[in-house]
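A.B. asks: Here's a structure for you.
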Amino acid sequence: MFRLKLDKLSLENVLKFFIAAFLFLLPWQTVYIFREVFLAGTKIEYWTLNFYGTEILLWLIVILFMVWYWKKFRSQILDFRFHVTKDRVFVFSALLFTFYFLLSTLWSADKSLALQQSVRVMEAMLLFFILFLGPLKVKEAIKYLLLGSLVPAVLGIGQFLLQATFAFKWLGLAKHVSSEPGTSVIVGESIGRWLRAYGPFAHPNIFGGYIIIVLILASVHLKRFKIVAVTNYLLLITALFFTFSRSAWMVFLIGFFILLLFYLLSKPPQHFVSAPPSEGGDKRGYLFLFLIPYSLFLIILFSPLVQTRVLGNSSHEVASVTERVSGYGEVLQIFKTSPWLGVGAGNYTLASYNLNPDLEAWQYQPVHNVGLLLLVELGTVGVLLLLFVFFSFIRFFVGVIKSKGVGVLSLVGLGLLLTAYCLLLLFDHYLYTSYVGLALSGIYWGMLSRDLHS
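Take the sequence shown: its position 249, counting from 1, is numbered 405 in our numbering, and each next residue is one higher.
Here it is in structure tokens:
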């Protein structure tokens, strides 16, 4: 799968190989745990210290990238002259934001947690720059990311249809039983308890977010390479459906109609379906015509579960929503304890425990909104630095788009891709609180930025 000819063995090819391997292997959560904390016999996941197998690969990639970048751009680096440019302002803002994360370990209650979270934010930043500046083309990167998602998709589909999972520590797979408390299920008086699809991830929502990011990136390049087939999309969308992740569903629907709108605007109606895909024609028209009835088929087939999940008319769903809403009230209380500097990276749940020490272990969870979570952990100063990163990023890439003369439609497209990502941030926390979520963030923006820039 990862072809690397011996006669072409070079630093650049080795780096490409390892980046491709990382993208392919990212879903598998093989992890070494070196600290676990229990409260009344129950493990608190967010106080765990661990190191993932793919992190080893990522740091190897970082070292190789630094050597490759130095060799390739040595003359420019040595001839460096200071000028304030849009790209340098963006890089400076990213470095400053990452440094502030590391600095927050000084005032965090649990410095080990803060250091772990800071390092993972740094990893996401490094991954962004590796994909943005590195030797692997976007087309190739997306190909390996997509290929790596197919086995997890099949696994997730099997988990839901069989209503069973299995544990295998070497792949990071945990067993989930629908009858046990804490397992993500759909519950209703008329439907019973249905296990949601986890795939190889720790939670169905993370699995759903992973599939969404793969689908968005693959859809951007659907016309450009032929390895993407309807079968791949069928597997991914089926697995996405079986996660029953409401935030992922919502982003999928919005993204689907955005892509459909852009496709219609870029083609005359009579050319909606052009030459057959086998003859090199644009595949997106066929994809849209196929996926709409297939999605409706799934919704109708599992309508009792969809109704329970979407309408929230069971006691289990009501309790889930109530817990999320109560988390917003807790945010204000914790924020007041350290409004300027925050409680420290990764320390939200510890601050929650200090505020309410009598709760059950499973109740100590981050608020399901990344913006509010960052406000509490990094304080007002951290959020201002994040806004600096955001606006310098937008300013840089809007300038790039305008300089290439690609039109208003591309600017709108950038805004919509940003909106899709922000919706995931708005309704859950895993893109910040989990290693794989931060890695996905780096991958998403690294690939899109490379595509916009090139």
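Ideal Cβ placement from N, Cα and C applies to all residues, glycine included. Keep in mind it's a predicted model, so treat the numbers as computed, not measured.
1) Return the CA-CA distance between L289 and L318, expressed in angstroms with no decimal places.
2) So, using beta-carbon positions, are G312 and A395 closer together than 7 Å?
3) Run through DSSP, which three-state label would L292 get?
4) If you draw a straight line from the alpha carbon of G598 to that of S346, how long is it in whole angstroms?
5) Is it true that the CB of K227 sits closer than 7 Å to the CB of F552?
6) Considering only C-alpha positions, which residue in the set A501, G328 and L540 is nearest to H359?
7) For L467, which residues of its own chain have a beta-carbon under 6 Å away from its beta-carbon, when the five flanking residues on both sides are left out?
8) Run the CB neighbour count on R465, radius 10 Å, all protein chains shown included, and call it buried at 16 or more, exposed below.
9) Can you name the residues that DSSP bridges to R191?
10) Would you please state the rounded distance, in angstroms, between the beta carbons of G535 and W496? I believe it to be under 8 Å.
11) Using only the alpha-carbon positions, how far apart do H427 and R606 sit?
12) Going straight from the alpha carbon of L392 to that of F549, what length do you get?
13) Use the C-beta contact count for Y623: other C-beta atoms within 10 angstroms, 16 or more gives buried, fewer gives exposed.
14) Where does the unbroken beta strand (DSSP E) through V240 begin, and where does it stop?
15) Assess contact between the region 204-220 and the region 513-524, defined as three or more Cβ pairs (one per stretch) separated by less than 8 Å. Is contact present?
16) Please list the segments of the alpha helix (DSSP H) lying wholly inside the region 245-319, counting only runs of 4 or more residues, in order along the chain.
17) Using 8 Å as the Cβ pair cut-off and three pairs as the minimum, do the region 350-365 and the region 398-413 touch?
18) Where do the N-terminal and C-terminal ends of the alpha helix (DSSP H) with L596 fall, by residue?
19) Enumerate in chain order the residues of its own chain whose CB-to-CB distance from T254 is below 7 Å, with the five nearest sequence positions on each side excluded.
20) Give the DSSP-derived three-state secondary structure of W350 in the structure shown.
21) For the region 498-512 against the region 262-270, are there 3 or more C-beta pairs whose distance is under 8 Å?
22) Is it the case that the Cβ atoms of L292 and I369 are separated by a distance below 7 Å?
23) Could you please give the first and the last residue of the uninterrupted alpha helix (DSSP H) stretch that includes I369?
24) Could you give the residue range of the alpha helix (DSSP H) that holds G538?
25) Going by alpha carbons, who is nearest to L416 out of S375, L454 and G314?
26) Using 10 angstroms around the beta-carbon of R230, count the other beta-carbons present and answer buried if the total reaches 16, otherwise exposed.
27) Going by C-alpha distance, which of L574, V187, L216 and E473 is nearest I414?
28) Please list the terminal residues of the continuous alpha helix (DSSP H) segment that includes I175.
29) Using C-beta distances below 8 Å, list every residue in its chain close to L167, excluding the 5 sequence neighbours before and after it, in chain order.
30) I'd like the list of long-range same chain contacts for R480, defined as Cβ closer than 6 Å, with 5 residues on each side in sequence excluded.
31) Going by DSSP, what residue range makes up the beta strand (DSSP E) through I393?
32) Going straight from the alpha carbon of K558 to that of H609, what length do you get?
33) From the DSSP output, which residues share a beta bridge with I342?
34) Run through DSSP, which three-state label would T612 get?
35) Give the DSSP-derived three-state secondary structure of L515 in the structure shown.
36) Can you say whether I448 is buried or exposed, counting buried as having 16 or more other CB atoms within 10 angstroms of its CB?
C.D. replies: Considering the structure as presented:
1) For L289 and L318, the distance between alpha carbons rounds to 43 Å.
2) Yes, the pair counts as a contact, with Cβ atoms nearer than the cut-off.
3) In the displayed model, L292 falls within coil according to three-state DSSP, outside both helix and strand.
4) Each residue's CA atom was taken as its position, placing G598 and S346 some 42 Å apart.
5) Taking the C-beta atoms as reference points, K227 is found no nearer than 7 Å to F552.
6) When only C-alpha atoms are compared, the closest one is G328.
7) Counting only Cβ-Cβ distances below 6 Å, and skipping sequence neighbours, we find nothing.
8) R465 is buried by the Cβ-count criterion.
9) L205.
10) Cβ atoms of G535 and W496 come within 8 Å of each other, at about 5 Å.
11) Because the pLDDT at H427 is just 49, under 50, the model does not fix this residue reliably, and the value given afterwards should be weighed accordingly. Roughly 29 Å separates the two Cα atoms.
12) Looking at the two C-alpha atoms, the distance is approximately 30 Å.
13) This structure leaves residue 623 out entirely; the chain is present only between 157 and 610.
14) Judged by DSSP secondary structure, V240 falls outside any beta strand (DSSP E); it is assigned neither H nor E.
15) Counting C-beta pairs closer than 8 Å gives fewer than three between the region 204-220 and the region 513-524, which falls short of the contact rule.
16) Here the runs fully enclosed are 267-289 and 294-318.
17) Segments in contact, yes.
18) Residue range Y591 to H609 is occupied by the alpha helix (DSSP H) that includes L596.
19) Cβ within range, chain order: V277, M278 and M281.
20) The three-state reading of DSSP puts W350 in strand, counting E and B together.
21) With three or more CB-CB distances shorter than 8 Å, the region 498-512 counts as touching the region 262-270.
22) No, Cβ-Cβ distance for L292 and I369 is not below 7 Å.
23) For I369, the enclosing alpha helix (DSSP H) covers residues P360 to V376.
24) Taken as a continuous stretch (DSSP letters only), the alpha helix (DSSP H) holding G538 covers V526 to S559.
25) Comparing C-alpha distances from L416 to each of S375, L454 and G314 shows the shortest one belongs to S375.
26) Exposed, by the Cβ-count rule.
27) Comparing Cα-Cα distances from I414 to each of L574, V187, L216 and E473, the minimum goes to L574.
28) Residues L167 to L181.
29) These residues qualify, in order along the chain: L220, V223, W224 and K227.
30) Excluding five sequence positions before and after R480, the CB atoms of its chain that fall closer than 6 Å to its own CB belong to H524, given in chain order.
31) In the DSSP assignment, I393 falls outside any beta strand (DSSP E) and within the unbroken alpha helix (DSSP H) covering V386 to T399.
32) Take the alpha-carbon of K558 and the one of H609: they are about 11 Å apart.
33) Note: I342 sits in a beta bridge opposite W350.
34) Examination of residue 612 is not possible in this model, given that the chain is present from 157 through 610 alone.
35) Here DSSP, grouped into helix, strand and coil, assigns L515 to coil.
36) Exposed, because fewer than 16 other Cβ atoms sit within 10 Å of the Cβ of I448.
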